[in-house]
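Asks: Residue numbering for the sequence shown follows my numbering, beginning at 496 and increasing consecutively. Quick reminder that beta carbons are idealized off the backbone N, C-alpha and C, glycines included. All values derive from a computational prediction rather than experimental measurement.
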Amino acid sequence: MFDIPYLDLPPLRSAAGTVRLPGSKSISNRVLLLAGLAQGTTAVHDLLDSDDTRVMLDALAALGCGLRRDDGALHVTGLGGRLAVHEAQLFLGNAGTAMRPLAAALAVLAATQGGRFELSGVARMHERPIRDLVDALRPLGCTIEDLGTPGYPPLRISGTAGGRLATTTPIRVRGDVSSQFLTALLLALPLVADQDAIVIEVEGELISQPYIDITLALLARFGIQVVREGWQRFTVPPGSRYQTPGAIHVEGDASSASYFIALGALAATAAAPIRIEGVGSDSIQGDIRFVDAARAMGAQLSSGPGWLQVQRGRWPLAGITLDCKHIPDAAMTLAVMALYADTPTLLTGIASWRVKETDRIAAMAAELRKVGAAVVEGDDFIEVWPPTKWLPAVIRTYDDHRMAMCLALAAFNPLAGGHVPLRILDPRCVAKTFPDYFETLFSVATAAPEDVPVITIDGPTASGKGTLAAALAAALGWHLLDSGALYRATGLAAQWDGISPDEEAAVARLAGQLDLRFEGGRTWLRGRDITEELRLESTGLLASRVSAHPGVRRALHDAQLALRRVPGLVADGRDMGTVVFADAALKVFLTASPTERAERRHKQLISKGISASIADLRADLEARDARDKGRSVAPLEPAEDAQLLDNSHLSIEESVQRVLGWWQQRGPFPA
Ligand code: DC
496 MFDIPYLDLP
506 PLRSAAGTVR
516 LPGSKSISNR
526 VLLLAGLAQG
536 TTAVHDLLDS
546 DDTRVMLDAL
556 AALGCGLRRD
566 DGALHVTGLG
576 GRLAVHEAQL
586 FLGNAGTAMR
596 PLAAALAVLA
606 ATQGGRFELS
616 GVARMHERPI
626 RDLVDALRPL
636 GCTIEDLGTP
646 GYPPLRISGT
656 AGGRLATTTP
666 IRVRGDVSSQ
676 FLTALLLALP
686 LVADQDAIVI
696 EVEGELISQP
706 YIDITLALLA
716 RFGIQVVREG
726 WQRFTVPPGS
736 RYQTPGAIHV
746 EGDASSASYF
756 IALGALAATA
766 AAPIRIEGVG
776 SDSIQGDIRF
786 VDAARAMGAQ
796 LSSGPGWLQV
806 QRGRWPLAGI
816 TLDCKHIPDA
826 AMTLAVMALY
836 ADTPTLLTGI
846 ASWRVKETDR
856 IAAMAAELRK
866 VGAAVVEGDD
876 FIEVWPPTKW
886 LPAVIRTYDD
896 HRMAMCLALA
906 AFNPLAGGHV
916 PLRILDPRCV
926 AKTFPDYFET
936 LFSVATAAPE
946 DVPVITIDGP
956 TASGKGTLAA
966 ALAAALGWHL
976 LDSGALYRAT
986 GLAAQWDGIS
996 PDEEAAVARL
1006 AGQLDLRFEG
1016 GRTWLRGRDI
1026 TEELRLESTG
1036 LLASRVSAHP
1046 GVRRALHDAQ
1056 LALRRVPGLV
1066 ADGRDMGTVV
1076 FADAALKVFL
1086 TASPTERAER
1096 RHKQLISKGI
1106 SASIADLRAD
1116 LEARDARDKG
1126 RSVAPLEPAE
1136 DAQLLDNSHL
1146 SIEESVQRVL
1156 GWWQQRGPFP
1166 A
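(1) Could you check if leucine 1139 is buried or exposed, using at least 16 other CB atoms within 10 Å of its CB as the buried criterion?
(2) Terminal residues of the continuous alpha helix (DSSP H) containing leucine 569?
(3) Specify whether the stretch 681-698 and the stretch 710-725 touch according to this definition: at least 3 beta carbon pairs, one from each stretch, less than 8 Å apart.
(4) Could you tell me which whole beta strand (DSSP E) segments of length 3 or greater appear in the stretch 763-808?
(5) Who are the near neighbours of glutamine 1152 in its chain, counting only those whose CB is closer than 8 Å to its CB and skipping five residues on each side?
(6) Is serine 653 helix, strand or coil by DSSP?
(7) Can you tell me which of the three DSSP states alanine 957 falls into?
(8) Identify whether glutamine 1138 lies in helix, strand or coil by the three-state DSSP scheme.
(9) Would isoleucine 919 and isoleucine 890 be called neighbours here (beta carbons separated by less than 9 Å)?
(10) Measuring alpha carbon to alpha carbon, tell me which residue in Pro1165, Val1075, Ile522 is nearest serine 750.
(11) Can you look up tyrosine 893 in the DSSP assignment and give me helix, strand or coil?
(12) Whose CA, out of Gln990, Thr1073, Ala557, Asp503, lies closest to the CA of alanine 1134?
(13) Can you tell me whether serine 509 is helix, strand or coil according to DSSP?
(14) Indicate, with yes or no, if the ligand DC has a heavy atom lying under 8 Å from the CB of serine 978.
(15) CB of serine 1146 to nearest heavy atom of the ligand DC: below 8 Å?
(16) Hey, could you find the ends of the alpha helix (DSSP H) phenylalanine 933 is sitting in?
(17) Please tell me whether, using a cut-off of 8 Å, the distance from the CB of threonine 764 to the nearest non-hydrogen atom of the ligand DC is below it.
(18) Go to phenylalanine 1084, then tell me how far its beta strand (DSSP E) extends in each direction, as first and last residue.
(19) Roughly how many angstroms lie between the CA atoms of threonine 828 and glycine 873, to the nearest whole one?
(20) Are lysine 1082 and isoleucine 950 closer than 9 Å when you measure CB to CB?
(21) Would you check if there are 3 or more beta carbon pairs closer than 8 Å linking the stretch 795-814 to the stretch 728-735?
(22) Under 8 Å by Cβ, that's how I've got phenylalanine 717 and leucine 555 pegged, so tell me the actual separation to the nearest angstrom.
(23) Rounded to whole angstroms, how far is the Cβ of proline 882 from the Cβ of alanine 868, which I believe are closer than 8 Å?
(24) State the beta-bridge partners of phenylalanine 729 as determined by DSSP.
(25) I'd like to know whether the C-beta atoms of alanine 791 and leucine 817 end up nearer to each other than 9 Å.
(26) Check whether the Cβ atoms of valine 745 and glycine 573 sit closer than 9 Å, and answer yes or no.
(27) Which residue or residues does DSSP assign as beta-bridge partners of alanine 579?
(28) Please determine, among Ile652, Thr644, Arg623, Leu642, the residue with the shortest C-alpha to C-alpha distance to glycine 636.
(29) Which two residues bound the contiguous beta strand (DSSP E) that contains glutamate 1200?
(30) Closer than 6 Å by C-beta to tyrosine 893: which residues in its own chain qualify, once you throw out the five before and the five after it? Chain order, please.
(31) Assign valine 1061 to one of three DSSP states: helix, strand, or coil.
(32) Quick check on DSSP: helix, strand or coil for alanine 752?
(33) Would you tell me roughly how many angstroms separate the C-alpha atoms of valine 550 and alanine 926, rounded to the nearest one?
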């Protein structure tokens, strides 16, 4: 994922194709803890790799669990219910799914086996309540100290070996603030239920019941059959002992699926639907019920084991009134779908939104208003009226992955009469559960080509275009077109086939059917890795010759246009600003003195162990410049409206900052 302070989304118009979802956060962290506590080694497949699972893994490592990765699985060797480490400081970020269950497990283990553990997180974690869990554990004989505000992390958990816990009377826990407190007890108490059964009684209405179903299903996989009576009473059987199931598969995240279900309902057609892989009709996650809500708003949906397929049904969408207690996380997506309805949407039963990664009711209301919606919020509800006029908006994300993921869907406003850009601040916060969210979204979303911003970097050979373009693309989170590579590959293909670079028609034919692939920084031509060959001086000369033919340039034209994809394109070459992307929003013509360029190329070659004379290199550069400038088609020259940048005396970073500064002034949200 790119490391950028904001991501601009152009107005988007359609979506089609297949996405594969990352593993479920809720399942991943429960499985990790269970595997970490169990006897034996568990091979965990399709584990989510994200901020929240990383803090759980770090905690397990600190507690002495064995962790080994191979052939796509993570092998966790558990503690077998016995503490291996009796003192540790655990930093748990903003992961409620790590903080609550680890606090409970360590509390009962420390109280019986002795130990001293400190659990902390980011500032927001220290504002997320844990009092109800602590209040349930203390009467058992667990020692838990608040190190900050009472009722909130950080916590110190301690105990001495040989302690006994008062588990013969029912343990009472509140269920109406977060179901994670009950989950935490359910995961922890089997560790101390070797003699007697332990009963947990829920006080108040239990919210988010489907998450308890996930907990019970996973406990069963690890050998513990909890007896449930309604949603009020749960009995952990005597003789409980965690046993590894050997291998376990983590299903795709159903909450993450909600964004792509919404996407299908907004922007996909029957002929080109959105297919979602990794989660489907057999899911054990409560948020899969989001499909019913999406259907009620108008989505047309089919599903099978491990897959969902969605397309637009009713349009505009229909507003709904829904009690969302059963789908608290996915319900946020409904609030954004509401922008595309023809009647208001009222979501109730969402009080828990206020104690999540941020106060999600307040955050959602504020950001939906920015795009033009009218919103009424209450303690436990939100009501959304679709915009009558869409507004360009800079969206705050509050360090909340779901705010970023949901609100990105507002970029499809052209489908509802808008045509406004959207800026998502701190887009990297999606790393909490879905590090590749935006890349996944962009792989299926399309915009009108003229709405996709392009920055062109033209200039002579060895001016540093490639380096500058790549750095800009990374800084903006955009696609990159190295057009020189297309001409270079064409030159190589001609050479392989024994075709002279001067045979225009034959070379143009090759250019039109180049089997070229760019992947992970390497380049393949006809299945052969040409990464090194592509950069050779001799290949550059070949390219310079084949690129002089109008037929070759025509043959490569469409391939270059096709790379103009959301969220944007940085294109480097000779005629990017003058010919191929003549409507580019920002054109840069990059130069450096011939001496400087010859010296840079010399350094490059030396670093690869190739010797060369600076004088020869300079002569070569000048010959290529002359050919690129002198040819009749698309000669090398600055576009009329290009910004000239002589980087002879600038570092790469300085050049990047210069161009980003220009872009700031011209982009959708001028500074
Ligand atoms: O940027 P480069 O050195 O990889 O380019 C190799 C040759 O390809 C260069 O001499 C000119 C040609 N070229 C071109 O004519 N038009 C482009 N857009 C890019 C490269």
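Replies: If we stick to the structure as given:
(1) Classification for leucine 1139: exposed.
(2) Residue range 568-572 is occupied by the beta strand (DSSP E) that includes leucine 569, with no alpha helix (DSSP H) assigned at that position.
(3) Contact between the stretch 681-698 and the stretch 710-725 is established, with three or more Cβ pairs separated by less than 8 Å.
(4) As summarised for the stretch 763-808, the continuous beta strand (DSSP E) elements at least 3 residues long and confined to that stretch are 769-772, 794-799, 802-807, given in chain order.
(5) The answer is none, since no qualifying residue turns up.
(6) In the displayed model, serine 653 falls within a strand according to three-state DSSP.
(7) Note: alanine 957 maps to coil in three-state DSSP.
(8) Reduced to three states, the DSSP call for glutamine 1138 is strand.
(9) Yes, the pair counts as a contact, with Cβ atoms nearer than the cut-off.
(10) Of the listed residues, the one whose Cα sits closest to serine 750 is Ile522.
(11) Secondary structure at tyrosine 893: coil, using DSSP grouped into helix, strand and coil.
(12) In terms of Cα proximity to alanine 1134, the closest of Gln990, Thr1073, Ala557, Asp503 is Thr1073.
(13) Note: serine 509 maps to strand in three-state DSSP.
(14) Serine 978 Cβ: within cutoff of the ligand DC.
(15) The closest heavy atom of the ligand DC lies 8 Å or more from the beta carbon of serine 1146.
(16) For phenylalanine 933, the enclosing alpha helix (DSSP H) begins and ends at 932-939.
(17) No, since every heavy atom of the ligand DC falls outside the 8 Å radius drawn around the Cβ of threonine 764.
(18) DSSP places phenylalanine 1084 in the uninterrupted beta strand (DSSP E) bounded by 1081-1086.
(19) Cα to Cα, threonine 828 sits roughly 18 Å from glycine 873.
(20) Yes; because the gap between Cβ atoms is below 9 Å, this pair is in contact.
(21) As far as the Cβ criterion goes, the stretch 795-814 does not touch the stretch 728-735, which means the pair count is below three.
(22) Contact between phenylalanine 717 and leucine 555 does not hold, since the beta-carbon distance rounds to 15 Å and is not under 8 Å.
(23) Between alanine 868 and proline 882 the Cβ distance is about 5 Å, and since that is below 8 Å, they are a contact.
(24) Partner(s): Ile695, Arg723.
(25) Yes. Within cutoff.
(26) Pairing valine 745 with glycine 573 gives a Cβ-Cβ distance that is not under 9 Å.
(27) Alanine 579 is not bridged by DSSP to any residue.
(28) Ranking Ile652, Thr644, Arg623, Leu642 by Cα distance to glycine 636 puts Ile652 first.
(29) Any property of residue 1200 remains undetermined from this structure, which presents the chain solely from 496 to 1166.
(30) So the qualifying residues of the chain are Thr853, Ala858.
(31) Here valine 1061 carries a coil assignment [DSSP, helix/strand/coil].
(32) Reduced to three states, the DSSP call for alanine 752 is helix.
(33) So the alpha carbons of these two residues sit roughly 12 Å apart.
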